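If you read the sequence shown in my numbering, its first letter stands for residue 9, the second for the next number, and so on. All C-beta atoms in this analysis are idealised placements derived from N, C-alpha and C, irrespective of residue type, glycine included. For clarity, every value in this text was computed on a predicted model and none was experimentally measured.
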Amino acid sequence: MDSQQQISPYTYDGGRPVLERVQEILKENNYGSLSTALDISRSTLSTWRNRDLTPFELASRMHIKLGVSLTWLLLGEGEKYDNEIAEANQRNKLPSFELNDGELAEKAPLYFDPEFLGEKATTCDLMVVSFNGQKLFVDKNTTKIVSGSYLTKSKNDFASIVELERSPLGEVMLGDNAIDESQLDVLGKVVLI
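Written out as structure tokens, the structure reads:
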């Protein structure tokens, strides 16, 4: 680099426009859900917005994790993403839930590399369920019981992960017991652990 060449500072956008762009990328419409998705307190988000502070650390995270263009995020110029891979990553935002004591509670969405998900990234309608210390990938499109682990809800709204199998006679089996299929709503099949 020529020692005479200067790198002038930019006039970065402040808190509100940057946070609005982050909300746009993450598809979060309020600061409560944004706070949860980013694991940043609402008071910190409010400070950035009210004092017009540029959240550089957050911008770095958005760039590294999702491939968001820093020029777009901090200056409002150019395209949202630097490359096609970043756009593919954005498409792999999966809804996330925790299953505990029969309750299915919504959590912050999770992001996954398309290579990790493989063909399931394009052929399945996935959600992530945290259950017994594991992350289970559930395909919401697969609700017909054949054989495997399924996310189900009973008529009294009790959610569970159960091993189900359809017998040659067409009965749905839970272990050695036939169950009444009409008493069960299948929310999806576990396709990846």
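Considering residue i, what are the terminal residues of the alpha helix (DSSP H) in which it resides?
| i | result |
| --- | --- |
| residue 54 | 50 to 58 |
| residue 40 | 39 to 46 |
| residue 81 | 78 to 83 |
In terms of residue numbering, what span does the beta strand (DSSP E) encompassing residue i cover?
| i | result |
| --- | --- |
| residue 32 | Element bounds for residue 32: not the beta strand (DSSP E) but the alpha helix (DSSP H), 23 to 34. |
| residue 73 | Looking at the DSSP string, residue 73 is not in any beta strand (DSSP E); the run it does join, the alpha helix (DSSP H), is 64 to 74. |
| residue 195 | 192 to 200 |
| residue 187 | 185 to 187 |
| residue 182 | 180 to 182 |
Quick check on this structure: which residue in the options has the alpha carbon closest to the alpha carbon of residue i?
| i | options | result |
| --- | --- | --- |
| residue 26 | 189, 65 and 51 | 65 |
| residue 133 | 101, 28, 83 and 201 | 101 |
| residue 111 | 80, 168 and 145 | 168 |
| residue 115 | 160, 62 and 45 | 45 |
| residue 33 | 22, 51, 56 and 117 | 117 |
| residue 109 | 63, 161, 180 and 126 | 161 |
| residue 70 | 60, 59, 61 and 88 | 88 |
| residue 30 | 155, 173, 51 and 78 | 78 |
| residue 158 | 48, 49, 189 and 82 | 189 |
Whole angstroms are fine: how far does the CA of residue j sit from the CA of residue i?
| i | j | result |
| --- | --- | --- |
| residue 165 | residue 36 | 27 Å |
| residue 182 | residue 191 | 13 Å |
| residue 17 | residue 123 | 38 Å |
| residue 185 | residue 135 | 29 Å |
| residue 54 | residue 43 | 10 Å |
| residue 67 | residue 41 | 18 Å |
| residue 57 | residue 72 | 22 Å |
| residue 171 | residue 199 | 13 Å |
| residue 39 | residue 60 | 16 Å |
| residue 86 | residue 76 | 11 Å |
| residue 74 | residue 173 | 39 Å |
| residue 62 | residue 120 | 27 Å |
| residue 22 | residue 127 | 40 Å |
Margin query: As an exercise, report each continuous beta strand (DSSP E) stretch of at least 3 residues that is fully enclosed by the region 109 to 170, in chain order.
Written below: Listed in chain order, the beta strand (DSSP E) elements of length 3 or more contained wholly in the region 109 to 170 are 111 to 119, 134 to 139, 142 to 147 and 155 to 162.
Notebook entry, point to check: Any contact of the region 140 to 156 with the region 194 to 201, i.e. 3+ C-beta pairs under 8 Å?
Noted result: yes
Item checked: the region 125 to 139 / the region 104 to 114 touching (three or more Cβ pairs under 8 Å) -> yes
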